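Remarks on the structure that follows.
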Amino acid sequence: MENFLEQMAEIMEVDTVNLSDELTSFEAWDSLTTLSIIALADDEFQVSLTNAEIAEAKTIEGLHQLILSKQNA
């Protein structure tokens, strides 16, 4: 979890992120950020995410839960 939070902070171009942070609240949020999340999920967690799934996740925690659910599928 700690590694995931550090990676998300790097993608969002901030020092730290909280589980409750909304994805769209970050200044760095754009289509390239979404692509970075897709690449992270693929490289680090071996799961495929879509833009729609990321949008539906809404928060950092939602995104983490989405990745975990796909890993366990």
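Going by our numbering, the first residue of the sequence shown is number 27, and it counts up by one from there. Virtual Cβ for every residue (Gly too), placed ideally from N, Cα, C. Just so we're clear, the structure is a prediction, and the values are computed from it rather than from any experiment.
Residue 57 sits away from residue 37, with the two beta carbons spaced by 8 Å or more.
With 16 or more other Cβ atoms from the protein chains shown falling within 10 Å of its own Cβ, residue 43 counts as buried.
Rounded to the nearest whole angstrom, the C-alpha separation of residue 54 and residue 60 is 10 Å.
Annotation for residue 87: the continuous alpha helix (DSSP H) segment containing it runs 86-97.
For residue 73 against residue 67, the beta-carbon gap comes to about 5 Å, under 8 Å, which counts as contact.
Residue 47 sits buried, since 16 or more C-beta atoms from the chains shown fall within 10 Å of its C-beta. For residue 62, the enclosing alpha helix (DSSP H) covers residues 57-71.
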